[in-house]
Structures are given as C-alpha cells and as structure tokens.
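Engineer:
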Amino acid sequence: MIAELGHYALVLALLIALVQTTVPLYGAAKNDFSLMGVAQPAATAQFIAIAIAFGALTHAYVTSDFSVINVAENSHSLKPLLYKISGVWGNHEGSMILWVLILALFGFAVAQFGIHLPPTLKARVLSVQASIGVAFLGFILLTSNPFLRLDPAPIDGRDLNPLLQDPGLAFHPPMLYLGYVGFSMAFSFAVAALIEGRVDPAWARWVRPWTLAAWIALTAGITLGSWWAYYELGWGGWWYWDPVENASFMPWLSGTALLHSAVVVEKRDALKSWTILLAILTFALSLMGTFLVRSGVLTSVHAFAVDPERGLYILAILVLFVGGALIMFALRAPSMKLGGLFQPISREGGLVMNNLLLSVATATVFIGTLYPLFLDATTGQKVSVGPPFFNATFVPVMIPLVLLMAIGPMLAWKRGDLSAAMSRLWFAVALSFGISIFVFWLHSDEPLTPVIGFALAGWLAGGTLKEFADRIALFRDQLSKSLSKARRLPRSAYGMTLAHLGLSIFICGAVADSAWRTEVVINAKERNTTSIAGFEAELETVDRLEGPNYHLERATVVIRKNGEYVTRVFPERRFYPVQQMPTTEAAIYTTFLADIYVSLGEGSKDQGWTLRLWYNPLIPWIWAGCLIMVLGGLISLSDRRLRIGAPFKRAHKKVKENGLLENA
Amino acid sequence: MTPKRRRLTMVGLGLLMIAAATALALNAFEDTLVFFYSPTDLIDTKTNPKKQIRVGGLVEEKSLLKSNDGLSVSFTITDLDNSLPVIFKGALPDLFREGQGVVAEGYLVGGLFQAKHVLAKHDENYMPKEVADSLKKSGKWKGGNKQ
Numbered sequence: 003m004i005a006e007l008g009h010y011a012l013v014l015a016l017l018i019a020l021v022q023t024t025v026p027l028y029g030a031a032k033n034d035f036s037l038m039g040v041a042q043p044a045a046t047a048q049f050i051a052i053a054i055a056f057g058a059l060t061h062a063y064v065t066s067d068f069s070v071i072n073v074a075e076n077s078h079s080l081k082p083l084l085y086k087i088s089g090v091w092g093n094h095e096g097s098m099i100l101w102v103l104i105l106a107l108f109g110f111a112v113a114q115f116g117i118h119l120p121p122t123l124k125a126r127v128l129s130v131q132a133s134i135g136v137a138f139l140g141f142i143l144l145t146s147n148p149f150l151r152l153d154p155a156p157i158d159g160r161d162l163n164p165l166l167q168d169p170g171l172a173f174h175p176p177m178l179y180l181g182y183v184g185f186s187m188a189f190s191f192a193v194a195a196l197i198e199g200r201v202d203p204a205w206a207r208w209v210r211p212w213t214l215a216a217w218i219a220l221t222a223g224i225t226l227g228s229w230w231a232y233y234e235l236g237w238g239g240w241w242y243w244d245p246v247e248n249a250s251f252m253p254w255l256s257g258t259a260l261l262h263s264a265v266v267v268e269k270r271d272a273l274k275s276w277t278i279l280l281a282i283l284t285f286a287l288s289l290m291g292t293f294l295v296r297s298g299v300l301t302s303v304h305a306f307a308v309d310p311e312r313g314l315y316i317l318a319i320l321v322l323f324v325g326g327a328l329i330m331f332a333l334r335a336p337s338m339k340l341g342g343l344f345q346p347i348s349r350e351g352g353l354v355m356n357n358l359l360l361s362v363a364t365a366t367v368f369i370g371t372l373y374p375l376f377l378d379a380t381t382g383q384k385v386s387v388g389p390p391f392f393n394a395t396f397v398p399v400m401i402p403l404v405l406l407m408a409i410g411p412m413l414a415w416k417r418g419d420l421s422a423a424m425s426r427l428w429f430a431v432a433l434s435f436g437i438s439i440f441v442f443w444l445h446s447d448e449p450l451t452p453v454i455g456f457a458l459a460g461w462l463a464g465g466t467l468k469e470f471a472d473r474i475a476l477f478r479d480q481l482s483k484s485l486s487k488a489r490r491l492p493r494s495a496y497g498m499t500l501a502h503l504g505l506s507i508f509i510c511g512a513v514a515d516s517a518w519r520t521e522v523v524i525n526a527k528e529r530n531t532t533s534i535a536g537f538e539a540e541l542e543t544v545d546r547l548e549g550p551n552y553h554l555e556r557a558t559v560v561i562r563k564n565g566e567y568v569t570r571v572f573p574e575r576r577f578y579p580v581q582q583m584p585t586t587e588a589a590i591y592t593t594f595l596a597d598i599y600v601s602l603g604e605g606s607k608d609q610g611w612t613l614r615l616w617y618n619p620l621i622p623w624i625w626a627g628c629l630i631m632v633l634g635g636l637i638s639l640s641d642r643r644l645r646i647g648a649p650f651k652r653a654h655k656k657v658k659e660n661g662l663l664e665n666a
Numbered sequence: 751m752t753p754k755r756r757r758l759t760m761v762g763l764g765l766l767m768i769a770a771a772t773a774l775a776l777n778a779f780e781d782t783l784v785f786f787y788s789p790t791d792l793i794d795t796k797t798n799p800k801k802q803i804r805v806g807g808l809v810e811e812k813s814l815l816k817s818n819d820g821l822s823v824s825f826t827i828t829d830l831d832n833s834l835p836v837i838f839k840g841a842l843p844d845l846f847r848e849g850q851g852v853v854a855e856g857y858l859v860g861g862l863f864q865a866k867h868v869l870a871k872h873d874e875n876y877m878p879k880e881v882a883d884s885l886k887k888s889g890k891w892k893g894g895n896k897q
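One line per chain: the protein sequences are V and Z, in this order. The opening position of the first sequence corresponds to residue 3 in the working numbering, with each subsequent residue numbered one higher. The opening position of the second sequence corresponds to residue 751 in the working numbering, with each subsequent residue numbered one higher.
1. State yes or no: is the beta carbon of residue 610 of chain V nearer than 7 Å to at least one beta carbon in chain Z?
2. If I measure Cβ to Cβ from residue 873 of chain Z and keep anything under 7 Å in the same chain, skipping five residues before and after, which residues do I get?
3. Of the choices V:203, V:248, V:74, V:535, whose alpha-carbon is the least far from that of residue 162 of chain V?
4. Can you name the start and end residues of the beta strand (DSSP E) that residue 387 of chain V belongs to?
5. Quick check: residue 191 of chain V and residue 216 of chain V, are their CB atoms within less than 7 Å of each other?
6. Run through DSSP, which three-state label would residue 243 of chain V get?
7. In three-state DSSP terms, what is residue 48 of chain V?
8. What does the alpha-carbon distance come out to for the pair residue 414 of chain V and residue 445 of chain V?
9. How would you label residue 177 of chain V, buried or exposed, when you count the other beta carbons within 10 angstroms and need 16 or more for buried?
10. Please confirm if residue 270 of chain V has its CB atom under 7 Å from at least one CB of chain Z.
11. Taking buried to mean at least 16 other C-beta atoms within 10 Å of its own C-beta, is residue 581 of chain V buried or exposed?
12. If you follow the alpha helix (DSSP H) that residue 526 of chain V is part of, which residue opens it and which one closes it?
13. Classify residue 490 of chain V as helix, strand or coil using the three-state DSSP reduction.
14. Would you call residue 815 of chain Z buried or exposed, if buried means 16 or more other Cβ atoms sit within 10 Å of its Cβ?
15. Checking contacts by CB at 7 Å: is residue 584 of chain V closer than that to chain Z?
16. Residues of chain Z with CB closer than 7 Å to the CB of residue 358 of chain V, please, in chain order.
17. For chain Z, find out if any of its Cβ atoms is closer than 7 Å to the Cβ of residue 656 of chain V; answer yes or no.
18. Consult DSSP for residue 552 of chain V and reduce its assignment to one of helix, strand or coil.
19. Nearest by alpha-carbon distance to residue 199 of chain V: which of V:511, V:549, V:278, V:136 is it?
20. Any beta-carbon of chain Z closer than 7 Å to the one on residue 347 of chain V?
21. At the level of alpha carbons, what is the spacing between residue 312 of chain V and residue 292 of chain V?
22. Is the beta carbon of residue 7 of chain V closer than 7 Å to that of residue 44 of chain V?
23. Does the beta-carbon distance from residue 21 of chain V to residue 60 of chain V come in below 7 Å?
24. Can you tell me where the beta strand (DSSP E) holding residue 576 of chain V begins and where it ends?
25. Check residue 237 of chain V in the structure and name its three-state DSSP category.
26. Do residue 797 of chain Z and residue 858 of chain Z have their beta-carbon atoms positioned less than 7 Å apart in this structure?
27. How many angstroms separate the CA atom of residue 503 of chain V from the CA atom of residue 861 of chain Z?
28. Apply the 10 Å Cβ neighbour rule to residue 761 of chain Z and answer buried if 16 or more other Cβ atoms are within range, or exposed otherwise.
29. Relative to chain V, which residues along the segment 830–861 of chain Z have a C-beta separation below 9 Å, given in chain order?
30. Please check if any C-beta of chain Z sits within less than 7 Å of the C-beta of residue 525 of chain V.
31. Any beta carbon from chain Z within less than 7 Å of residue 390 of chain V's own beta carbon?
32. Please name the residue or residues paired with residue 867 of chain Z in a DSSP beta bridge.
33. Is it true that the segment 605–623 of chain V meets the segment 507–515 of chain V, where meeting means three or more beta-carbon pairs spaced less than 8 Å apart?
34. Is DSSP giving residue 835 of chain Z helix, strand or coil here?
35. Leaving out five residues on either side along the sequence, give the residues of the same chain with a beta carbon under 8 Å from the beta carbon of residue 108 of chain V.
See the structure below:
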C-alpha cells in the first residue's frame, strides 16, 4: 500500500512540475503576477510529493518489503540498518529518486528564500528548474520505476552489492548528487537570464551562493568517493582516471571556473555572456556524467546497472536541454550589454586566465574520456585511455594555473601592477625554493618530477599566505591592529585563502604518493615477516569469524619499527553468501605523514596467504587538502554578503563597497 | 584597447589554448593509447612487445595455476575460438573466477602475455563490454540481457 502511495506521489509530482514549468513562464511573459505566483506553492508541493515518494521507498527498504522488486533485488533482511537506508540510493532506480528529490529541494529553497528576487526572474528560474524535473520524473516513471511489485514476493532479498555496504559509500552518492544537481540551479538562473535578456551584478549575487553550495557538495562527494576507492577496493590507489571518476571531475573543473567567473560578474559586471555559457556547460557536464554512469557505454573499473534504453533517454534529455540552452544563448548573448572594462593585467584578467586554463583542463579530460567511445563508433577499434594520457595532458595545464593562483589574488581589479605583485611574491619564491631543496635533499637519487611538484605547492602556499598577511597588514602594523583587521575581513576572503591552501596541501599529497609509493606482495604463513619502507610487518594469525551478513577471515598483522612495537592492524577478507561475492577490507595504519596499507588476499593455513602492503607517503594530505577546500567553501558560503536570502535592493551599493575593500 | 579588440584578443588566446590542448592530447595519444585485442585478433596482428596492450575474454575453466611461492599465477584467456596463456604476479581481483570475463593489461612477449594489471568487474553479472563484443564476434556469445 505504501509503495503504491509512493508511486502515486511520483505521478503527482510530475503533474505539478508540468504546471510549474508552463504557468509561471507564461505569467512572466504576460507580466501577470497571479500566474507567476503559482511557481512558489508549486515548487513546495512538488518537493513534498517527491519527499513522500522517497519516504515510501525508504519505508519499503527499512521494513524489508520484498514484494517490491527494487527492494528484493537490492536488499536483504539481515543487512544492518544503515545499509538498508543507503541501499535506497545504492541502485539505479532509487538513486534517480534521490536525484529528483535534490532537484526539487533546490527549487523549494529558491521558492522559500527568494523573497527578494525580482518576481519575473524568480518565476522563470522555478519554471526552468521544474522543466528539468519533468524530464527526470518522466524518465523514472517510464524506464526506472522503483515501486513495481513482485508476485509472489520472495522470502528474502538478493542483497546490496557488498562493496557498497560501507559508510563511505553510504554518503558518497547523496553528496555527489547535491553537487551535480546543485549546478542545475546555475543552469536555471542562466536560462532565466537569457529569457529575461538581462544579467546584472544582482543576478551573480544570486548565482554565486548556489554554485558555491554545489561546488562544496561536489568536492566533498568526490573526496568521499576517492577515499572509499582507496580503502575499500584494496588496490592502494586513490584516483585511477577512470571514466566514472572523470565524469564527476569534469563538472568540478568547470564548476570551479564558474565560481570564479561569477565573482567577476558580481564585482565588476563583466564576463557576463561567458558566465552564462559556463553555467550551461557545467550542468551539461553534470548531465553527461549521469549519462556516462547510467548508460554503461564506457568500460569502467566501477560497475553499475547498465541499460542502453535508459542511456538513450538520458542522452535525449541532455541533447534537449543543453541544445536548447545553447541555441537560446546564441540568439540572446550578442544583445547582452557589455560590462565593465579591464586591462589584461588585473584581477579580472587573472580570473579570465583561470577560466581559460580550467576550460582547457576540462577539455583534456573530456577528450581522454570520450575518445575510446568515438574510436569504437567510427572504426570499431577498441582502446583505453589511462593515467599516462592524463599525466601528459592534464598536468601540464595545471602547472601554469597553480603558478597564476599565487599572482592573481595580488592584482587589483581593473588595472593591476604586475611588478608590484611580483615583488610581493618573494615569500612564495623563498618557500618554494626551501621546500624544493628539502625534498631534493630527502630524495636526491631519484627523478626530479616530485621536486617540481613540491616547488609548485610551496609557491602556491607562499603566495596565498603572503596575500592574506598583506591584507591584514601583518608585521607591518601592530599585532592588535592586524588582529582587528583580520576580524573585519569578509569571510569570503578566508574562504579563498583556505581553499587555495587546501589545494597546495593536496598537491603535496598527490605528488608524494605518485612518486614514492612502494608496494610489497608476499605469500605469508603465520609468523612470517616482511619489511616495507623501514617498517617490519609480521603476520601473527588469521582467524575465521562471522559478521552480520558475511563470513570473514581476519588477519592480525603486527607492525614494528627497528624491532619496537608500533601497532597491530586487522585486514579482512569477507565473503557475502547471498551475493556469492568476496570483498577485501584493507587495514590502514596512518601517521600524519604516511599510511601503511595492508590488504589480505586469498590463501590458507598450509599454503599461506597473499599479503599486499603499500607504503603511501603523504596520502593523508590528499584528504586533508580536500577537506580544507570544503571548509573554505563553507566559510565563504556563510559570508553575510553571500547569504542566500540577503536583501536584494542593497546589492549595488554593496558592490561598490566590495570593490573598494578588495582594492585596499 | 577598444572593447572589440580586447574581446578578439581573448578569443584568440582561448583558441590558442584549445590548440595547445589538442596538440598535447594528440601527442599523448600516440604513446599512451592502450589497444584492446581478443586472443583471435592476436593471431594475425603483430604487436610491439614493448607496448602495453589489453587482452580480454573468459578465463578458461581449470586453467588457473598458482606458482610454488604463491605469488604468481598463470591462466588462459579464451574467446572460445582461440586462447592465450597469461602470467601475472600479484593479487587477483576479488571477482576473478574461472569461466568469467576478464581484461588483462600488459605486454605480449613471444606468445606469452605478461600481465601488469588484471581487471574483473565489481558486479558478477556484468561482462566487460570489450569482452562481450569479442565473444559476439567469435559467435560464441550466449549471454543474457545484462549487457
């Protein structure tokens, strides 16, 4: 009964979304306030209807109602509660429900907080947002309905893929979707602005927090996914340049560009057409990510439910929305009023370079991801594009970007002084030089690539710290004055400083891990010892145990350094009988500077077990760097001036103030 | 600079960068593309033993052998017409099983495939797309609708 209720709510949501798409749009064209007013209650009702559908599906999972096909195929009565709930989005149908729920949530948020939005803009934004909802609700109801019944109901379910029964992956999809779908907001605002034919700083003030929120969620989502792949797959790596990973990385790159170009629109009223285009493309890449993952056109190390028909439907949505938006862009963009002028060497100029480089980086990832598809379709030749390709294309584009990241924030708006900025960068040079020497001294007998990587990270950190210190006049003024300046600094300034520092820390981790990772594979019997990176590891025992819905072998491995006890770790090898599938649970001993990563392979008492050990230097810095980026985003989002419901009318006055502040 | 010239400079700069990216990509493709073959393809294709390739098919039943030290394994990849012996040092993926689809990446030296990586899928029902296609080509595909 409850499943039928969910199904009914979903159909209802589709109808509401249809009304929300058409009526406010017509009202805005006719300047009819009562018709435009339909958007707000419709957005609320649509959100509630989808929330009911989502709740109904969750209920079916929690109560293990195996008469629902979706539950029978993806759940099991013995599964822990957390994974019963996360199982809702651990499969295709449920994850699409989560997708539209988040889509409706964003529409609902605009309806609630957008009190100060100009009424026509608000009506149009909500209408565009609802049209995306129509497309995806239609997709769910036509091809992926999770509420279909099974008769007779099986006694028990087929369980969730054991690899997905993990806390990291329980929260990875919702985060990723918040990011993907969050960019729909930027898209809706962009299309609404094209319909209005007007973009002003106030528009950017609206787009920025939404884009920032989506960016934060996407950053967190990708980090969680990478972390999960690191400890769950048992391969010791954290990023494989796999198509599915790239699918989430491309919107992140272009979303990062959008974040920066929206600043230029807000503060300087320039780059308007470009920002609109970027908003459209970012959402297009999000949709493409959904398409690539859901259609199974690419061979990936990650596996998902695969259905060509569904892929075709999503492809149609992609073509319709992106094509439509781009045509509208081509028609309307030339009539946009040209904004504030600036010299090539200025903050704006720096942000333009940022955008160009990030776009090129997105393009290289795009080419590498889609080229195998293209070649297969045209010649039938099957190829794969792996890490060497991305190392040869993506990394060279990132180097100038990181170099510019230290300089850009030091340039003034409109007309910057490059030599003055360079003379302020002595600290960056010093830090970069110092770190390179130190790294070279540590690893003088090895290739120079990591030294270059660390030099870049030092340069970025030095430039970012110096810029912050100059802002609060640290060491040039009394400490108390600097502190009071620091208190008055807008939070978005803290946000930028933290995000850029986070990237610097991330670079250290990524460079160190790719250059100095070491791996040992042994066949070990109990009491056998091996050594890795100055540590000794001894396999003490391997025990057979029972988990809630799996059997397991748990090894006890003692790690010593110079004969002294450091820690004990417990890598596991689990077997899930329902899915007939083994998984490897790696054990990780982490210090702040490195991980020792132990994974237990197949084996027996007489033959010994395959034991793989990795020494992964600075890998915790990868997660720490990403977390700091997320933190920077959150602090920036909490900025009073960016607050989602911030008064609209004072926008222009504030822009002037900001301009002065930034120039000071 | 007039706004028009400035815009032109921007567009020019953008095009230059896209050209640079394309050049980088094409250049990288030459060295980094990894081609995929089925065991049958390899009979009449000459491959460079120094260039990494991928081979896919089914793991032949009862072909999996473990070396005495327990670290190396050997098995045979087959597309049910022809087969290719593979050796691999390291831990096989969790879902590696005889009779299942698999993709190995490595070097073909004198008729023996020395694998550097072995990929199997997370989902046991799922067959790597390349493997399914090559089985279809050899006429031995009897798979379900999962692909």
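C-beta atoms are modelled at their ideal positions from N, C-alpha and C, and glycine is treated no differently. Note that the coordinates shown come from a computational prediction; the quantities given were computed from them, not determined experimentally.
Structural biologist: In terms of the structure at hand:
1. Here residue 610 of chain V is taken as the residue at index 608 of the first sequence, counted from 1. So, interface residue.
2. Working through the second sequence from its first residue, we reach residue 873 of chain Z at position 123. Because the pLDDT of residue 873 of chain Z is 47, which lies under 50, any placement of that residue in the model is unreliable, and the question is left without a value.
3. Start at 1 with the first residue of the first sequence, and residue 162 of chain V comes out as number 160. With distances taken between Cα atoms, residue 162 of chain V lies closest to V:74.
4. Taking the first sequence and counting its residues from 1, the one referred to as residue 387 of chain V is at position 385. Segment 385–387, the beta strand (DSSP E) holding residue 387 of chain V.
5. As a first step, residue 191 of chain V must be located in the first sequence, where it is residue number 189. As a first step, residue 216 of chain V must be located in the first sequence, where it is residue number 214. In this structure, residue 216 of chain V does not lie closer than 7 Å to residue 191 of chain V by Cβ.
6. Taking the first residue of the first sequence as 1, we reach residue 243 of chain V at position 241. DSSP places residue 243 of chain V in coil when its eight states are reduced to three.
7. The residue you call residue 48 of chain V lines up with position 46 of the first sequence. In the structure shown, residue 48 of chain V sits in a helix (DSSP, three-state: H, G or I).
8. Position 412 of the first sequence, counted from the first residue, corresponds to residue 414 of chain V. Position 443 of the first sequence, counted from the first residue, corresponds to residue 445 of chain V. Straight-line Cα distance between these residues: approximately 40 Å.
9. Here residue 177 of chain V is taken as the residue at index 175 of the first sequence, counted from 1. For residue 177 of chain V, the number of other beta carbons within 10 angstroms of its own is at least 16, and it is reported as buried.
10. Here residue 270 of chain V is taken as the residue at index 268 of the first sequence, counted from 1. Cβ-Cβ to chain Z under 7 Å: no for residue 270 of chain V.
11. Along the first sequence, read from residue 1 onward, the residue named residue 581 of chain V stands at position 579. Buried: at least 16 other Cβ atoms inside 10 Å.
12. What you label residue 526 of chain V is simply residue 524 of the first sequence in a count that begins at 1. Run containing residue 526 of chain V: none in the alpha helix (DSSP H); it sits in the beta strand (DSSP E), 520–526.
13. What you label residue 490 of chain V is simply residue 488 of the first sequence in a count that begins at 1. DSSP places residue 490 of chain V in helix when its eight states are reduced to three.
14. Taking the first residue of the second sequence as 1, we reach residue 815 of chain Z at position 65. It is exposed - the Cβ of residue 815 of chain Z has fewer than 16 other Cβ atoms within 10 Å.
15. If you number the first sequence from 1, residue 584 of chain V lands on position 582. It does; some Cβ of chain Z falls within 7 Å.
16. For this step, residue 358 of chain V is matched to residue 356 along the first sequence. Going along chain Z in sequence order, the residues near residue 358 of chain V (Cβ under 7 Å) are 763, 764, 767.
17. In the first sequence, residue 656 of chain V corresponds to position 654, counting from 1. Low confidence applies here, because residue 656 of chain V scores a pLDDT of 43, under 50, leaving its location unreliable; read the following figure in that light. No, because no Cβ of chain Z sits closer than 7 Å to the Cβ of residue 656 of chain V.
18. Here residue 552 of chain V is taken as the residue at index 550 of the first sequence, counted from 1. Coil at residue 552 of chain V, not helix or strand.
19. Along the first sequence, one-based indexing puts residue 199 of chain V at 197. Measuring from the Cα of residue 199 of chain V, the nearest candidate turns out to be V:278.
20. Position 345 of the first sequence, counted from the first residue, corresponds to residue 347 of chain V. Cβ-Cβ to chain Z under 7 Å: no for residue 347 of chain V.
21. Against the first sequence, residue 312 of chain V aligns to sequence position 310. Against the first sequence, residue 292 of chain V aligns to sequence position 290. A straight-line Cα-Cα distance of about 11 Å links residue 312 of chain V and residue 292 of chain V.
22. Indexing the first sequence from 1 puts residue 44 of chain V at position 42. Indexing the first sequence from 1 puts residue 7 of chain V at position 5. Their beta carbons are not under 7 Å apart, which means residue 44 of chain V does not touch residue 7 of chain V by this criterion.
23. By 1-based counting over the first sequence, the position of residue 21 of chain V is 19. By 1-based counting over the first sequence, the position of residue 60 of chain V is 58. Cβ atoms of residue 21 of chain V and residue 60 of chain V: not closer than 7 Å.
24. Looking up residue 576 of chain V in the first sequence gives position 574. Element bounds for residue 576 of chain V: 574–578.
25. Counting from 1 along the first sequence, the entry for residue 237 of chain V is found at position 235. The answer is coil: DSSP assigns residue 237 of chain V none of H, G, I, E or B.
26. Taking the first residue of the second sequence as 1, we reach residue 858 of chain Z at position 108. Taking the first residue of the second sequence as 1, we reach residue 797 of chain Z at position 47. Contact flag set, yes.
27. By 1-based counting over the first sequence, the position of residue 503 of chain V is 501. By 1-based counting over the second sequence, the position of residue 861 of chain Z is 111. Distance from the CA atom of residue 503 of chain V to the CA atom of residue 861 of chain Z, rounded to whole angstroms, is 51 Å.
28. One-based indexing of the second sequence puts residue 761 of chain Z at position 11. With a threshold of 16 other beta carbon atoms within 10 Å, residue 761 of chain Z falls short and is exposed.
29. Those would be 839, 840, 841, 842, 843, 844, 845, 853, 855, in chain order.
30. Locating residue 525 of chain V in the first sequence gives position 523, where the first residue counts as 1. Yes, residue 525 of chain V counts as interfacial toward chain Z.
31. Within the first sequence, numbered from 1, the residue matching residue 390 of chain V stands at position 388. Cβ-Cβ to chain Z under 7 Å: yes for residue 390 of chain V.
32. Walking along the second sequence from the start, residue 867 of chain Z turns up at place 117. DSSP, once it has assigned bridges, lists Z:855 as partnering residue 867 of chain Z.
33. Yes: at least three Cβ pairs fall under 8 Å.
34. In the second sequence, residue 835 of chain Z corresponds to position 85, counting from 1. Three-state result, residue 835 of chain Z: strand.
35. Along the first sequence, read from residue 1 onward, the residue named residue 108 of chain V stands at position 106. Once the five neighbours on either side are set aside, the close Cβ partners of residue 108 of chain V are 131, 183, 184, 186, 187, 212.
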